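Numbering (my numbering), first residue to last: 26 to 371.
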């Protein structure tokens, strides 16, 4: 059967696609900008018809009904690998459970969860019938698709066709298709403070030409990245592709192709991720400390929330308040330690 015919035969309305979810299903929900928002809202509307549905994701950017209220607990239960703003807000008053772990170990965690269903936002098919996971979904979707019994996708015309490894799925490999367009979420970071520039001024001179860098999120990481504009022949191996890294690549400071687990920034970043020299790969490969450590002169640049007088840092909580999760910071600290001439800054 031609893939176009197969596409039409699998095409359902959004409510019809959501109706494929059954009680006690375990779902991997593609995260952040790869959330199939229409499909998830339709699933929320069916909560009273369901029991024991387990949803696993991370960094939710939309306050879905089943996430925001404890009345959904037992009907649709939500678990997260990493807090975004919504999860942080509703952790204590909503329906959010936390599974905090190093991202390099996330493949084993997903295998233990054993998802039966993949819910993902994808691009329209290319000429060969491939649907692309976009700059967020490559994170873990291919592994979830491998494990799942049912693969339900929402085709979104605004989802970019990114390049890399395990970054797409063929129409023949999915079970249900629905169509709904939504804008990708943008992260517009606040400006860089004078204090952050002063701290960055200690780090920037230590980054040698030819180094391979990873930059985290936040004003300090951005201050360092933008401060590298006069360097030469930098390379990028990073969990998160940021506006600042794209800026360095466009200036010619970064040479070669960049490797990332996902991208989060302005719309211009997503356009660059589609057309520029960027490869995306599953996060458990990108964040493997031994792969990171294989780069000479690897420099990891991250931020923390608290530090004590002995030099211990905390990047997950503020006092007893859970703020984020373990994520990938430790993966890059360890990777930099394994690198010949590597450096790590927090």
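All residues carry an ideal CB built from backbone N, CA and C; glycine is no exception. Every value quoted in this text rests on a predicted model; they were computed, and no experiment measured them.
Would a C-beta distance cut-off of 7 Å place residue i and residue j closer than the cut-off?
{"i": "residue 146", "j": "residue 59", "result": "yes"}
{"i": "residue 240", "j": "residue 280", "result": "no"}
{"i": "residue 295", "j": "residue 160", "result": "yes"}
{"i": "residue 341", "j": "residue 329", "result": "no"}
{"i": "residue 81", "j": "residue 128", "result": "no"}
{"i": "residue 327", "j": "residue 354", "result": "yes"}
{"i": "residue 108", "j": "residue 352", "result": "no"}
{"i": "residue 177", "j": "residue 45", "result": "yes"}
{"i": "residue 372", "j": "residue 133", "result": "A query on residue 372 cannot be resolved here, the shown segment of the chain reaching from 26 to 371 and no further."}
{"i": "residue 135", "j": "residue 194", "result": "no"}
{"i": "residue 269", "j": "residue 288", "result": "no"}
{"i": "residue 104", "j": "residue 131", "result": "no"}
{"i": "residue 203", "j": "residue 65", "result": "no"}
Should residue i go down as buried or exposed, given a rule of 16 or more other Cβ atoms within 10 Å for buried?
{"i": "residue 339", "result": "exposed"}
{"i": "residue 335", "result": "exposed"}
{"i": "residue 97", "result": "buried"}
{"i": "residue 225", "result": "buried"}
{"i": "residue 265", "result": "buried"}
{"i": "residue 271", "result": "buried"}
{"i": "residue 360", "result": "buried"}
{"i": "residue 257", "result": "exposed"}
{"i": "residue 324", "result": "buried"}
{"i": "residue 345", "result": "exposed"}
{"i": "residue 285", "result": "buried"}
{"i": "residue 63", "result": "buried"}
Whole angstroms are fine: how far does the CA of residue j sit from the CA of residue i?
{"i": "residue 366", "j": "residue 290", "result": "30 Å"}
{"i": "residue 357", "j": "residue 317", "result": "7 Å"}
{"i": "residue 51", "j": "residue 337", "result": "37 Å"}
{"i": "residue 236", "j": "residue 275", "result": "17 Å"}
{"i": "residue 186", "j": "residue 208", "result": "15 Å"}
{"i": "residue 41", "j": "residue 201", "result": "9 Å"}
{"i": "residue 101", "j": "residue 90", "result": "10 Å"}
{"i": "residue 29", "j": "residue 88", "result": "35 Å"}
{"i": "residue 362", "j": "residue 343", "result": "27 Å"}
{"i": "residue 213", "j": "residue 110", "result": "14 Å"}
{"i": "residue 53", "j": "residue 84", "result": "13 Å"}
Report the residue from the options whose alpha carbon sits nearest the alpha carbon of residue i.
{"i": "residue 364", "options": "26, 52, 314 and 272", "result": "314"}
{"i": "residue 221", "options": "209, 243, 202 and 235", "result": "243"}
{"i": "residue 36", "options": "236, 150, 174 and 278", "result": "150"}
{"i": "residue 277", "options": "287, 259 and 324", "result": "259"}
{"i": "residue 219", "options": "198, 208, 192 and 248", "result": "248"}
{"i": "residue 70", "options": "185, 92, 57 and 143", "result": "92"}
{"i": "residue 162", "options": "143, 40, 122 and 312", "result": "143"}
{"i": "residue 188", "options": "102, 300, 311 and 322", "result": "300"}
{"i": "residue 198", "options": "293, 169, 185 and 371", "result": "169"}
{"i": "residue 261", "options": "319, 177, 148 and 212", "result": "319"}
{"i": "residue 308", "options": "101, 191 and 177", "result": "191"}
{"i": "residue 245", "options": "223, 255, 263 and 234", "result": "223"}
{"i": "residue 372", "options": "348, 203 and 215", "result": "Shown here, the chain extends from 26 to 371; a query on residue 372 therefore has no answer."}
Leaving out five residues on either side along the sequence, give the residues of the same chain with a beta carbon under 6 Å from the beta carbon of residue i.
{"i": "residue 282", "result": "302 and 304"}
{"i": "residue 166", "result": "55, 145 and 158"}
{"i": "residue 172", "result": "140"}
{"i": "residue 210", "result": "58 and 86"}
{"i": "residue 32", "result": "196"}
{"i": "residue 370", "result": "228 and 326"}
{"i": "residue 175", "result": "142 and 200"}
{"i": "residue 154", "result": "28, 195 and 196"}
{"i": "residue 306", "result": "189 and 190"}
Just to confirm my understanding: we take residue i, look at its own chain, exclude 5 residues before and 5 after, and list those with CB closer than 7 Å. What are they?
{"i": "residue 48", "result": "75, 76, 77 and 78"}
{"i": "residue 253", "result": "229, 232, 259, 273 and 278"}
{"i": "residue 115", "result": "92, 93 and 121"}
{"i": "residue 332", "result": "338"}
{"i": "residue 182", "result": "149 and 206"}
Once you ignore the five residues that flank residue i on each side, which residues in its own chain have a CB closer than 8 Å to its CB?
{"i": "residue 27", "result": "none"}
{"i": "residue 95", "result": "118, 119 and 120"}
{"i": "residue 72", "result": "90, 91, 97, 100 and 101"}
{"i": "residue 310", "result": "190 and 316"}
Using 6 Å as the cut-off, classify the Cβ of residue i as near or not near the heavy atoms of the ligand SAM, replying yes or no.
{"i": "residue 110", "result": "As presented, the structure is devoid of all ligands, the ligand SAM included, so that no description of it is given."}
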